[in-house]
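Engineer: Could you have a look at this structure, given as structure tokens, before my questions?
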Amino acid sequence: MCGGQVEWVTCSHVGHLYRGPRRRSMHPRGGNLHQSHINHLRVAEIWMDDYKKYYLRRHPNHIQLDMGDTSEYKALRQRLNCSSFKWFLDNVAYEMAEKYPLPPANLVWGEMRNDQHHDICADTLGNGFGGTIGASGCHGQGGNQLFRLNVEGEWSSDEHCFVSNGDFVGTQHCVQMGRWIPKGEWKYDNQTRQMRSTKVSKCLVTDGKRLSLEPCQNNNQAQQWKWKEIYVV
Numbered sequence: 001m002c003g004g005q006v007e008w009v010t011c012s013h014v015g016h017l018y019r020g021p022r023r024r025s026m027h028p029r030g031g032n033l034h035q036s037h038i039n040h041l042r043v044a045e046i047w048m049d050d051y052k053k054y055y056l057r058r059h060p061n062h063i064q065l066d067m068g069d070t071s072e073y074k075a076l077r078q079r080l081n082c083s084s085f086k087w088f089l090d091n092v093a094y095e096m097a098e099k100y101p102l103p104p105a106n107l108v109w110g111e112m113r114n115d116q117h118h119d120i121c122a123d124t125l126g127n128g129f130g131g132t133i134g135a136s137g138c139h140g141q142g143g144n145q146l147f148r149l150n151v152e153g154e155w156s157s158d159e160h161c162f163v164s165n166g167d168f169v170g171t172q173h174c175v176q177m178g179r180w181i182p183k184g185e186w187k188y189d190n191q192t193r194q195m196r197s198t199k200v201s202k203c204l205v206t207d208g209k210r211l212s213l214e215p216c217q218n219n220n221q222a223q224q225w226k227w228k229e230i231y232v233v
């Protein structure tokens with residue numbers, strides 16, 4: 001974007017360098033636990049132009065992070081007469097649009113709390129790809145209990161996408177066959193507060209211990225879910 005170049009080395013790894021002294025901890029002593037998120041947000045703010053909104057669609061809980069003053073780096077970008085991020089996508093990372101289409105807007109996102117079991121939330125339980133998701137006590141910290149549902153029916157958490165698997169909800173990597181197709185089978189009804197699979201015509205339900213899919217019943221509070229946005233600060 002600014003006339004330089006970065007060499008892309010096959011099978012290379014990316015490290016994150018934190019400011020300040022540190023020992024065994026991943027973060028510097030006294031540092032912000034969300035420093036890597038702050039740095040990502042700063043990159044989006046300084047370099048991604050209007051595409052910043054797509055980063056925030058994947059990470060809506062980062063929007064309230066204090067990223068500090070970015071004016072110095074914005075001025076540097078202007079002084080160097082750097083190209084736009086769209087130029088970068090069109091001329092350098094031109095394969096990205098096919099492999100990673102721009103994410104649709106989120107319909108709802110945050111914590112999913114059950115109406116009947118008031119202290120129970122949907123939870124990935126840290127299960128890997130190929131497993132199932134479940135339910136556990138709501139902790140209000142996001143993490144494994146932070147979900148998003150976009151307007152195209154993709155229900156996801158980070159890079160885990162959720163699909164109906166019999167009477168349960170399975171998890172798979174959002175990238176399939178080298179592409180991320182941000183569409184899915186899920187619909188959330190704001191009136192009945194039900195999470196419905198259009199694939200199997202069943203609704204998400206919990207007995208207070210696990211998640212499953214059952215025939216939809218509009219008056220069943222165990223099938224009713226309230227979304228609450230959870231921000232990291």
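UniProt numbering puts the sequence shown at residues 1 to 233.
Glycine is no exception: its CB is placed at the ideal position from the N, C-alpha and C atoms.
#1: Using the beta-carbon count (16 or more within 10 Å), is A135 buried or exposed?
#2: Could you tell me whether the Cβ of Q176 comes closer than 8 Å to any Cβ of chain B?
#3: DSSP three-state label for I120, please.
#4: Does the segment 35-52 come close enough to the segment 202-221 to have 3 or more Cβ pairs within less than 8 Å?
#5: In or out: D123 buried (at least 16 other Cβ within 10 Å) or exposed?
#6: Would you check if the distance between the CB atom of C216 and the CB atom of K202 is smaller than 8 Å?
#7: Ignoring anything shorter than 3 residues, give me the beta strand (DSSP E) runs that lie fully in the segment 70-146, in order along the chain.
#8: When we look at the beta-carbon of P87 and count the other beta-carbons within 10 Å, is it buried (16 or more) or exposed?
#9: Residues in the same chain with beta-carbon distance under 6 Å from S84, minus the five sequence neighbours each way, listed in chain order, please.
#10: In angstroms with no decimal places, state the Cα-to-Cα distance between P101 and P60.
#11: So, using beta-carbon positions, are T192 and Q224 closer together than 8 Å?
#12: Along the alpha helix (DSSP H) that carries R196, what are the first and last residues, could you check?
#13: Per the DSSP calculation, Y51 is bridged to which residue(s)?
#14: With 16 as the cutoff for other CB atoms within 10 Å, does C161 come out buried or exposed?
#15: Please classify E214: does DSSP put it in a helix, a strand, or coil?
#16: For S156 and E98, what's the separation of their Cα atoms in angstroms?
#17: Taking Cβ positions, are P182 and E229 nearer each other than 8 Å?
#18: Roughly how many whole angstroms lie between the Cα atoms of N144 and R79?
Structural biologist: The relevant details are as follows:
#1: Looking up residue 135 in the sequence shown gives position 135. It counts as buried.
#2: Here there is only one protein chain, and chain B is not present.
#3: Within the sequence shown, the letter at position 120 stands for residue 120. The three-state reading of DSSP puts I120 in strand, counting E and B together.
#4: Result no; under three Cβ-Cβ pairs closer than 8 Å.
#5: Residue mapping note: residue 123 aligns to position 123 of the sequence shown, counting from 1. By the beta-carbon neighbour count (other beta carbons within 10 angstroms, threshold 16), D123 is buried.
#6: Position 216 of the sequence shown, counted from the start, is the residue given in the question as residue 216. Position 202 of the sequence shown, counted from the start, is the residue given in the question as residue 202. Contact: yes.
#7: For the beta strand (DSSP E) assignment, the uninterrupted runs of no fewer than 3 residues enclosed by the segment 70-146 are, from N- to C-terminal side, 106-114, 120-123 and 134-137.
#8: In the sequence shown, the residue the question calls residue 87 occupies position 87. Rather than Pro, the amino acid found at residue 87 in this sequence is Trp. Exposed: under 16 other Cβ atoms inside 10 Å.
#9: For this step, residue 84 is matched to residue 84 along the sequence shown. These residues qualify, in order along the chain: D49.
#10: Residue mapping note: residue 101 aligns to position 101 of the sequence shown, counting from 1. Residue mapping note: residue 60 aligns to position 60 of the sequence shown, counting from 1. Each residue's Cα considered, the two are about 18 Å apart.
#11: What you label residue 192 is simply residue 192 of the sequence shown in a count that begins at 1. What you label residue 224 is simply residue 224 of the sequence shown in a count that begins at 1. In this structure, T192 places its C-beta atom within 8 Å of the C-beta atom of Q224.
#12: Within the sequence shown, numbered from 1, the residue matching residue 196 stands at position 196. Following the DSSP letters along the chain, one finds R196 in no alpha helix (DSSP H) but inside the beta strand (DSSP E) bounded by residues Q194 to S197.
#13: Your numbering for residue 51 matches position 51 in the sequence shown. Answer is none; Y51 lacks a bridge partner.
#14: On the sequence shown, position 161 is the one that residue 161 refers to. By the neighbour-count rule (16 or more Cβ atoms within 10 Å), C161 is buried.
#15: Mapped onto the sequence shown, residue 214 falls at position 214. For E214, the secondary structure class from DSSP, reduced to helix, strand or coil, is strand.
#16: As a working note, residue 156 is residue 156 in the sequence shown. As a working note, residue 98 is residue 98 in the sequence shown. Separation of S156 and E98 (C-alpha to C-alpha, rounded to the nearest whole angstrom) is 20 Å.
#17: For the purposes of this step, residue 182 is identified with residue 182 of the sequence shown, where counting begins at 1. For the purposes of this step, residue 229 is identified with residue 229 of the sequence shown, where counting begins at 1. With respect to E229, P182 sits apart: the two C-beta atoms are not nearer than 8 Å.
#18: Numbered from 1 along the sequence shown, position 144 holds the residue referred to as residue 144. Numbered from 1 along the sequence shown, position 79 holds the residue referred to as residue 79. The straight-line gap from Cα to Cα measures roughly 42 Å.
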